[in-house]
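What follows is a short report on a single structure.
Protein chains: 4
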Amino acid sequence: MTTAVRKNDLSIPSKMKAWVLDGPEQLRLVEKPVPQPGLAEVLVRIDAVAICGTDVEIITKGLPAWIEGGLPFNKNFTPGHEYMGTVVKLGAGVDEYNIGDRVAVEIHAGCGRCERCRMGMYTSCLNYGLNYGDKNKGHRANGFTTDGGFTEYAVNHVNTLAHVPDGMSDEEATLIVTAGTAMYGLDALGGLVAGEGLVVTGPGPIGLMSVAVGKALGAQPVILTGTRDARLKLGTQLGADHVINIRSEDPVQAVKRITGGKGVQYVMECSGAPNSLNEAMDMVNRGGRICLAAFPGEPTPVDLAKLVRNNIYVYGIRGEGKSATHRAAALMAQKRFPAKLIHTHTFPLEELQTGFKYFRERIEDAIKVVIKVH
Amino acid sequence: MTTAVRKNDLSIPSKMKAWVLDGPEQLRLVEKPVPQPGLAEVLVRIDAVAICGTDVEIITKGLPAWIEGGLPFNKNFTPGHEYMGTVVKLGAGVDEYNIGDRVAVEIHAGCGRCERCRMGMYTSCLNYGLNYGDKNKGHRANGFTTDGGFTEYAVNHVNTLAHVPDGMSDEEATLIVTAGTAMYGLDALGGLVAGEGLVVTGPGPIGLMSVAVGKALGAQPVILTGTRDARLKLGTQLGADHVINIRSEDPVQAVKRITGGKGVQYVMECSGAPNSLNEAMDMVNRGGRICLAAFPGEPTPVDLAKLVRNNIYVYGIRGEGKSATHRAAALMAQKRFPAKLIHTHTFPLEELQTGFKYFRERIEDAIKVVIKVH
Amino acid sequence: MTTAVRKNDLSIPSKMKAWVLDGPEQLRLVEKPVPQPGLAEVLVRIDAVAICGTDVEIITKGLPAWIEGGLPFNKNFTPGHEYMGTVVKLGAGVDEYNIGDRVAVEIHAGCGRCERCRMGMYTSCLNYGLNYGDKNKGHRANGFTTDGGFTEYAVNHVNTLAHVPDGMSDEEATLIVTAGTAMYGLDALGGLVAGEGLVVTGPGPIGLMSVAVGKALGAQPVILTGTRDARLKLGTQLGADHVINIRSEDPVQAVKRITGGKGVQYVMECSGAPNSLNEAMDMVNRGGRICLAAFPGEPTPVDLAKLVRNNIYVYGIRGEGKSATHRAAALMAQKRFPAKLIHTHTFPLEELQTGFKYFRERIEDAIKVVIKVH
Amino acid sequence: MTTAVRKNDLSIPSKMKAWVLDGPEQLRLVEKPVPQPGLAEVLVRIDAVAICGTDVEIITKGLPAWIEGGLPFNKNFTPGHEYMGTVVKLGAGVDEYNIGDRVAVEIHAGCGRCERCRMGMYTSCLNYGLNYGDKNKGHRANGFTTDGGFTEYAVNHVNTLAHVPDGMSDEEATLIVTAGTAMYGLDALGGLVAGEGLVVTGPGPIGLMSVAVGKALGAQPVILTGTRDARLKLGTQLGADHVINIRSEDPVQAVKRITGGKGVQYVMECSGAPNSLNEAMDMVNRGGRICLAAFPGEPTPVDLAKLVRNNIYVYGIRGEGKSATHRAAALMAQKRFPAKLIHTHTFPLEELQTGFKYFRERIEDAIKVVIKVH
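Protein chains in written order, with our numbering: chain U, 1 to 374; chain S, 375 to 748; chain X, 749 to 1122; chain Y, 1123 to 1496.
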């Protein structure tokens, strides 16, 4: 059946194909019953799903929450969290979305009852992972603690949906949640970035979206650092005023050069490199702010004296909170930046393993590898 | 059966006595089945419930939401929202509270899925009142859109509960939600009131609790205005540094006199008097902030030019948001102010009508009239 | 001498032409000594100055601060506050600007020592107007309490300057401060407007700039209301998604229609119409926010009950605080909106009176009338 | 002359005794002319000055700003920044204080014109140290970049003064700035600490004041960690609900034990111990916040993954910003906590060196050593 035909077919089969995780690196394509949406949930027919670095972590090491909790590697779980699709069935009480609506997803549906959810900090839900059995607090993290998107259909709480604008391709729509994470980071930094200097360190998907969203909100200058010229060139296309290849120039010196010695107000750290926080502290001026959207694998020496002496605030961000996904979707609907540039490859559901290979090995400079399902 | 005996009896009967509203001013004591708690809910045995000015409005005019929605006067509804009691049964998934815990209640459980709830603004839930039938969004406003506290047992969502500290009487605990509203108002004003001047206009229960909470947080000076010396004296006992009887002295002039002409930073308007906002704008200095916790019955002339020219911010507050009730309960547990002073009268459940009469006619200077149920 | 020649001439004469105010409506062109910049000040050669509605007020009624203070009409004062020009001399300690820099101005230099200035709220300076004699607190409000821009040269504190980007015309640069006021209003509303609904009421210069800045920051939809189609058309060109002529359609109903009954999150009130705040409260959803950038001449009835019941916050704004002018200038440098569209007429300094006539009588649909000085 | 007599003598001599720093560890008592206050300044007769850990750093290593700037050790400089005294002369334009007023001091007077000062962040002034010669930006940091308090008289900008309440001893008043730093840290954490859990790590003067201010604002529980029982006992007297001697119990485990496994919302890190930030991240719950008021001497390994995964915010604080000193003084005037408990020793000006010896060697458990000057 061609995709074109399937796009208009909103009928729901009883069974579906789904990748499930049996153990580290053991993904298997199986047939599963199509799940049913409950109260405040919808059934989404998955049209496209992108591969994220966290998916690789989950597939190789298991779920972070499982690991921290000392739980065994989860079996029969379907990963994948950067998906979009079409609403095909409404659970009880849903009138926020209609059948046929195209939607992108957020990862986190908070429990709605812990201290953090009551403050609106649903990505920091204290009942994370407690959505099974008699500990059911209603939390969901799609592709993390509940089945995700490397399949044909998925159940989503209405809190994890954002409308996809008309005219946006399925592939581009998988990037809404990535842009949402960048937006959430800029919110943490205060949100008022127009006319302020912003350095983004690391030109991965979140870094590139941080450049795009920061520029869309008027940051000036927007400076991107990285090691690969192809990625930096993309950064320029997405709105960076300056790019720095740190193999050619010390990034701190480059930022000082560009800003006439003054430094910038904000840094979005998206590289996870061990010395990034120290460098970021040298890039911001006194009173500046740094958002950490990435992190090194091991504890790394940090010059805390500089942080205190310069009144620097550091914001770790988890996921895409504060409805940032909705705001990011609005900027993309207004065509403020060509997000689709970071989509490089597409494979069908059956070829997910190939997609992962391209993504992990950066074959043909792969950035966002999208699995097209319907 | 004596109260003492009943206090230790956590068994749940099948029927209970409840006041229900048949029409304007038509309260009737009936027998009803004891309700059952659902997911994320508990059953509270009501030990005490206070009468609030809004109860009088509901009983005489009907529910605000009903009126705005053009709905008929609701029948068979049990009002009462300032109650406290003992948890006697846990619904599914509840481990935040245990059977036997003493709890005070908040009014609002937001839907958890609208734009405002996702921001943590659950008292401004956009699905207010939508908790029935196929429009079930899960919203609850105890004593407003769901059955309240003028009865023996009530179901509460865990989001509407706060622990009552040991050693606090049932009667005092009914005031936690009132103090929570005052705390929410001070939050809206920025929360950092230590050393800042605060005027509270109107010595009703919320005004008096605003004095108490404001002083507990270090506001200086705290100035209370009103018309009755007995109430103002209470204000002094609760922490006011200065009280102004507006029958003897112009309140704006008095504030200027007390502050050496400078005015204050903050006003909590709790009187609902028609000219209060204009006077508040003359009490704050340039850049000051005003919280409206009360309002006149009719539109009233406001000098908006003053608001703009002096960069004044005005915050209307709805209910007791931002978990303010928990913070207020903490201050009361720490015995920061003698809230119990505003409790003046107690009646048993059967004499609710007498309680209302005392409250409405301010018989014997009644302020908080409490119905003791168990 | 032609303007082209004079543009490159940064020499400073000893005398200059200046309009001074003798009494209500009595503007007179005189010769004055060119003033000298002091510590932290520069001398600006005025290249262009726009006429603002407040100039009309000052010329007809006197300075607001004078009137409130019961002072006599100020004589020999030069009004005009929306000016831009070229730095021609640096006072002591100035290295933020160089001779030859093109600059636009803000009105307010706070005293730097009152409670509000210490908080960064310099437009709400408590020492407003205290910049003379032994009460010298260092406050300046250009064109209000110190000589302004209807002249050839003016002294400015460095805090009242913003760089004018290369390639921007003098005429357009006079609009930076107007855009700065709009930006300050959006800041007061929280600043995070991307994807949120924004109604701007009143298509005067601040209203039109609010449309432009709001759209540049991603607000969606941006709705502009007004009475004149030509102004509304300009609004569309500046970024409004919808315009409403309130002579044809009730604005509240129109906002409900456009937003599917939901209302918007934010209203910027820029009309000063008597019922605007009441209408704004019906345009925002529960928990919404309203900024007042204009006001009616007389106290006007306001339905405060709605404000409290719907948890609405109202922000009066004074001037262009929080360095909003710098952020607005950045957006304009990035060419995010064609601000110059609202510039309609130009006159030389000698014809200021004609300029005022065009502005006041809206001759040829005049919006921004600019006096070109150099 | 006895102190009592000197207290009432506001006459100003032409010469005064002052300690000056010739080189590392080379403090010398000399005679200097009494300085004269300029615009917006007053002359303070120093009545008492406390020794701070930073004084020891300055005396042994030189000024931080000098060192960072590669400047030589400053000669003829008078250190000392925790002082209080009596206003004896007013500079031009001063009416905020009167002769005879008792005042405590803040360290930082910002330039009032940089980006940070304009935001109200004057302790992060970008013109720090630029208060000499033709780079005069008006910045002052008493005892750091301008002469401080180990002398008889000092000039202070009005922005660095706070009124000392009647009835407070000179010795206690030297602690106002310490309490102000604690208050500024709690502000950075959000300020709304009532009912929230707060851990303070390190029972030095700032740690002990953080306990006191946190408890005064209603934090619950307040937990103090440290290594010396005498200090921890003081913490209890100042308001700590629990103290943990980390030599007897692992502090993270202890916090979990006390909070029923939940952790706290806030940590004030005041110890500077190398592993403190990592421990703090284990003490807060997801979404918690940490203020760093101290720091280790060397870069130290930090587990940044935890910071990102748990959405933790870390706030470095510099000095005592946001007028926190005024708010702290207000709490002390209201006698909310017995700050004077941390004052342990007093010496006359001539015996400053002995005072330093007591402070550095913690002789007789010295905490705050005060030099009584008048």
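Beta carbons: idealized from backbone N, C-alpha and C, even for Gly.
Asked                                                                                                                                          : Found
DSSP state of I924 of chain X mapped onto helix, strand, coil                                                                                  : helix
Neighbourhood of Y358 of chain U by C-beta distance below 6 angstroms, restricted to the same chain and skipping five residues each side       : H345, A366, V369
Nearest to V1121 of chain X (by Cα), restricted to the options X:E900, X:L758, X:C865                                                          : X:E900
C-beta atoms of G987 of chain X and Q968 of chain X nearer than 8 angstroms                                                                    : no
Touch test, the stretch 1382-1396 of chain Y against the stretch 1318-1336 of chain Y, Cβ-Cβ under 8 angstroms, three pairs minimum            : yes
Chain-order list of residues whose beta-carbon lies under 7 angstroms from that of H1279 of chain Y (same chain, five-residue window excluded) : A1162, E1163, A1231, R1262
Contacting positions in the stretch 832-865 of chain X - beta carbon closer than 9 angstroms to chain U                                        : none
Proximal chain U residues relative to V1315 of chain Y, where beta-carbon distance stays under 8 angstroms                                     : Correct list: empty, because the minimum Cβ distance to chain U is about 14 angstroms.
Chain X contacts made by the stretch 665-681 of chain S, where a contact means CB separation under 9 angstroms                                 : L666, A667, A668, F669, P670, G671, E672, P673, T674, P675, V676, D677, L678, A679, K680, L681
DSSP beta-bridge partners of Q1001 of chain X                                                                                                  : Per DSSP, none; premise fails for Q1001 of chain X.
Range of the contiguous beta strand (DSSP E) that encloses K1494 of chain Y                                                                    : 1490-1494
Burial state of D977 of chain X (16 or more Cβ within 10 Å)                                                                                    : exposed
Simplified DSSP assignment, three categories, for M869 of chain X                                                                              : coil
Residues near K1129 of chain Y in its chain [Cβ-Cβ closer than 7 angstroms; skip 5 each side]                                                  : H1496
Contact the stretch 610-628 of chain S vs the stretch 540-551 of chain S: 3+ CB pairs below 8 angstroms                                        : no
Sub-8 angstroms separation of E1218 of chain Y and T1182 of chain Y beta-carbons                                                               : no
Proximal residues to G661 of chain S (C-beta, below 6 angstroms), its chain only, five neighbours per side dropped                             : N685
C-beta atoms of P1327 of chain Y and I1464 of chain Y nearer than 8 angstroms                                                                  : yes
Cα-Cα separation, N833 of chain X to A1072 of chain X                                                                                          : A small fix is needed here, since residue 833 of chain X is Gly in this sequence, not Asn. Distance between the alpha carbons of G833 of chain X and A1072 of chain X: 19 angstroms.
Within-8 angstroms CB hit, S872 of chain X to chain S                                                                                          : yes
Stretch pair the stretch 318-333 of chain U + the stretch 27-36 of chain U: three plus CB contacts closer than 8 angstroms                     : no
Under the three-state DSSP convention, the category Q36 of chain U falls into                                                                  : coil
D1425 of chain Y classed as buried or exposed, judged by whether at least 16 other C-beta atoms fall within 10 angstroms                       : buried
Under the three-state DSSP convention, the category Y1063 of chain X falls into                                                                : strand
Chain U contact for A703 of chain S (CB, 8 angstroms cutoff)                                                                                   : no
E31 of chain U classed as buried or exposed, judged by whether at least 16 other C-beta atoms fall within 10 angstroms                         : exposed
Chain X within 8 angstroms of L217 of chain U, Cβ atoms only                                                                                   : yes
Boundaries (first-last residue) of the beta strand (DSSP E) holding N1400 of chain Y                                                           : Careful: N1400 of chain Y lies outside any beta strand (DSSP E), inside the alpha helix (DSSP H) at 1398-1405.
Any C-beta of chain X under 8 angstroms from that of R336 of chain U                                                                           : yes
Neighbour list for D935 of chain X in chain U, Cβ cutoff strictly below 8 angstroms                                                            : L192
Stretch pair the stretch 143-152 of chain U + the stretch 288-296 of chain U: three plus CB contacts closer than 8 angstroms                   : no
Rounded separation between I971 of chain X and R336 of chain U - CA only                                                                       : 19 angstroms
Where H1448 of chain Y meets chain S, residues with beta-carbon distance less than 7 angstroms                                                 : G569
Any chain Y beta carbon closer than 8 angstroms to R140 of chain U                                                                             : no
Identity of the residue in Y:T1349, Y:M1331, Y:M1403, Y:G1385 nearest K1462 of chain Y by Cα                                                   : Y:M1331
Reduced DSSP category for F825 of chain X - H, G, I as helix; E, B as strand; rest coil                                                        : strand
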